[in-house]
Structures are given as structure tokens and as C-alpha cells.
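Structure representation (C-alpha cells):
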């Protein structure tokens, strides 16, 4: 473990908590893409299949359970409890356009052709594009609540910090994983225009408005 | 050449 990866995990945990708090305290999931949340739940499910078979550390197991529980709790809040506030009309991204290519690529480019490894690779490719429905929804509505932009900033920062972690691990222990690293770069690049808007607008107290 | 998966990462 290094401070970059710990920082990344904490940013990820913060994002998940911000989202749950936003939905719970405002009793509304307006502006949140349920489709992205479905992709995140799918990502954690495919990635943590070895939760009970491959013990790494208490921290690792606890975080996996927290991520899985939070992902499914968010789906419950969005599609059951506060279903009436879910904005179907603006959350229209076709999930099959993301799931099928990620699954196909995972069967072709992976570290090892085994169930666990292919599912892990699928989760890596899927996570890279999982935020697209959310970013698409923000571009369609043209704006986002500030709490939602804090959520996106924390979520985007998590994988950016993981990239720093991979660079650090390459130079400190010669470790590298081209699949996770390249997918992580794609994932982080998708946030770039949002990061720009967040830093130039939201941090100055303005609302996040996308140029129409 | 693709390296290998980090089993300790989330």
C-alpha cells in the first residue's frame, strides 16, 4: 500500500458516501444517472467474485464489502425508494453499447483466460466507461447540482490517484499492469472537461453549467 | 508484456 493508492481508495469511498448522502438527505436522485450506478454495481460484482476465496487483508475485504453494499444500496434508493424522483428522460444512454464491447474486449485482451481473470478484466474495462451515462446526462440537462459535481470530482480523482500509484509501484517494485493502467487513463481522461469546469466554476461558488 | 494483475488492489 502507498499513499497514492490509499488516497485513491479514500476518494472513491468519499464519492460513494457523498452520493448516498445526497440521495438520502434530499430524498431525491434528480440529476443522477441510474445507468451509471448499474454499471458500477456490475463492475464491483464482476471484480470482487474472489471476495470469499482470496483473502488479502482486513482492509481489502472490508472495502470490497463497503463498495458492493453501497453500490446496491444506491440502486435500491434510486430504483425503489425514491423511484419517483429518478429522471428517466435524461438518463437514456444505451448500456449495451458499453457492456458488450467491454465483455468482448475482456475475452480477447486479458492476463489469463480464466473465469475470475476475465471477469476482473471485464470489470476494469466497464469501470473505465461506467461514468459515460452520468456525463451524458449532465450534458443533456446542461447543469449539475454542486453536490453532484463534488461526487464526480471525488470519483474522477480516485482513478487519477491510482494512475500515480501504478507509476510509483513501477519505479519502486517494478510492478506494472498495462490493462488496469490504460483503462485507468481512459477513465480519467473522460473526466478532463468536467475537472476543468469544476475547478474554474464550482470552486468559485458558481453552479456547474455546461456550455449548451 | 501486459504485466500482471495486482491481487492486492481494489
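Residue numbers (this note's numbering), protein chains in the order written: chain A, 1 to 212; chain B, 1 to 10.
Glycine included, C-beta positions come from ideal geometry on N, C-alpha and C.
(Q) I believe residue 178/A touches residue 10/B by the beta-carbon criterion, under 8 Å. Please report the beta-carbon distance rounded to the nearest angstrom. (A) Cβ atoms of residue 178/A and residue 10/B stay farther apart than 8 Å, at about 19 Å.
Q: Flag this pair as yes or no: are the beta carbons of residue 72/A and residue 41/A separated by less than 8 Å?
A: With contacts defined as CB atoms closer than 8 Å, residue 72/A and residue 41/A qualify as a contacting pair.
Q.
For residue 106/A, which residues in the same chain have their Cβ closer than 7 Å to its Cβ, ignoring the five residues on either side in sequence?
A. Contacts found: 118, 121, 122, 125.
Q: Count the other C-beta atoms from every protein chain shown that fall within 10 angstroms of the C-beta of residue 84/A, then say buried if there are 16 or more, exposed otherwise.
A: Burial check for residue 84/A: the Cβ neighbour count within 10 Å stays below 16, so the residue is exposed.
Q) residue 112/A to residue 82/A, Cα distance in whole Å? A) Cα to Cα, the separation comes out at about 41 Å.
Q: Measure how close the beta-carbons of residue 188/A and residue 160/A come, nearest whole angstrom, since I'm counting them as under 8 Å.
A: Confirmed, about 5 Å.
Q. What does residue 179/A reach in chain B if we use C-beta pairs closer than 7 Å?
A. Simply 2.
**Q.** residue 112/A in three-state terms, based on DSSP
**A.** Here residue 112/A sits in coil by DSSP.
Q: Look at residue 208/A and residue 201/A and say whether their C-beta atoms are less than 8 Å apart.
A: It is a contact, given that the beta carbons lie within the stated cut-off.
(Q) Quick check on the burial criterion: 16 or more other C-beta atoms within 10 angstroms. Buried or exposed for residue 127/A? (A) The C-beta of residue 127/A has 16 or more other C-beta atoms within 10 Å across all chains shown, which makes the residue buried.
Q. Assuming residue 151/A contacts residue 35/A under a Cβ cut-off of 8 Å, what Cβ separation, rounded to an integer in Å, is found between them?
A. Contact doesn't hold; Cβ gap of about 15 Å is too wide.
(Q) For residue 63/A, which residues in the same chain have their Cβ closer than 7 Å to its Cβ, ignoring the five residues on either side in sequence? (A) Excluding its 5 nearest sequence neighbours in each direction, residue 63/A has C-beta neighbours in its own chain below 7 Å: 9, listed in chain order.
(Q) Whole angstroms are fine: how far does the CA of residue 60/A sit from the CA of residue 8/B? (A) When rounded, the distance between both Cα atoms is 7 Å.
Q) Per DSSP, what kind of secondary structure is residue 205/A in: helix, strand or coil? A) Three-state result, residue 205/A: coil.
Q.
With distance defined between alpha-carbon atoms, name the residue in 170/A, 205/A, 172/A, 165/A nearest to residue 7/A.
A. Ranking 170/A, 205/A, 172/A, 165/A by CA distance to the CA of residue 7/A puts 165/A first.
Q) Per DSSP, what kind of secondary structure is residue 117/A in: helix, strand or coil? A) Look at residue 117/A here: in three-state DSSP terms it is helix.
Q: Take the Cβ of residue 89/A as the centre, count every other Cβ of all protein chains shown within 10 Å, and call the residue buried at 16 or more, exposed below.
A: By the neighbour-count definition (other C-beta atoms within 10 Å, threshold 16), residue 89/A is an exposed residue.
Q: Write down the C-beta distance between residue 57/A and residue 133/A rounded to the nearest angstrom, noting that I regard them as a contact closer than 8 Å.
A: The pair is not a contact, with the Cβ atoms about 33 Å apart (cut-off 8 Å).
Q: Measure the C-alpha to C-alpha separation of residue 86/A and residue 16/A and round it to an integer number of angstroms.
A: Whole-angstrom Cα-Cα distance: 18 Å.
Q. Just to confirm, does residue 101/A get its C-beta within under 7 Å of one of the non-hydrogen atoms of the ligand GTP?
A. Of the ligands one can find in the structure shown there are none, so the ligand GTP has no counterpart to examine.
Q. For residue 120/A and chain B, any beta-carbon pair shorter than 8 Å?
A. Yes, contact with chain B.
Q. Can you give the beta carbon distance from residue 236/A to residue 27/A, rounded, assuming they're within the 8 Å contact cut?
A. Residue 236/A lies beyond the range of chain A shown here (1 to 212); nothing can be said about it.
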